[in-house]
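Only one structure is covered here, and it is reproduced in the block below.
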Amino acid sequence: MAPPLAVPGRILIVDDDERQRRALVAMLSDGNFETQVACDGLEAVERLMTFDADVIVSDLMMPRMD
């Protein structure tokens, strides 16, 4: 079994539904993950310029860019 990460993972949450974003942030924060959110694909691309995400959790169909 791999040793636990010394630093919690960094997760980018991309969803156009604010309730979904809030729920995911709350759930992942309980696990001490560092999270950032984006409302659509374009905003996600912008976030990734400054946030080095380990994982992206994304809705599939969103406005502006999927």
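The sequence shown begins at 19 in the working numbering and counts up one residue at a time. Don't be surprised by glycine CBs; every beta carbon is placed ideally from N, CA and C. Source: prediction; values computed, not measured.
Subject >> Unbroken beta strand (DSSP E) run spanning R28, endpoints >> reply: Position 10 of the sequence shown, counted from the first residue, corresponds to residue 28. Its beta strand (DSSP E) spans residues R28 to V32.
**OP:** Just mark L30 as buried or exposed, buried being the case when its beta carbon has 16 or more other beta carbons within 10 Å.
**Re:** Residue 30 sits at position 12 when you count from the first residue of the sequence shown. Counting Cβ neighbours within 10 Å, L30 comes out buried, since at least 16 surround it.
**OP:** Let me know if V63 comes out buried or exposed under the rule of 16 or more other beta-carbons within 10 Å of its beta-carbon.
**Re:** In the sequence shown, counting from the first residue as 1, residue 63 sits at position 45. Answer is exposed; the Cβ neighbour count stays below 16.
Original post:
Cα separation between V75 and M67?
Top reply: Reading the sequence shown from its first residue, position 57 is the one you call residue 75. Reading the sequence shown from its first residue, position 49 is the one you call residue 67. Computed Cα separation, rounded: 17 Å.
Original post:
DSSP beta-bridge partners for Q54?
Top reply: Counting from 1 along the sequence shown, the entry for residue 54 is found at position 36. DSSP, once it has assigned bridges, lists L30 as partnering Q54.
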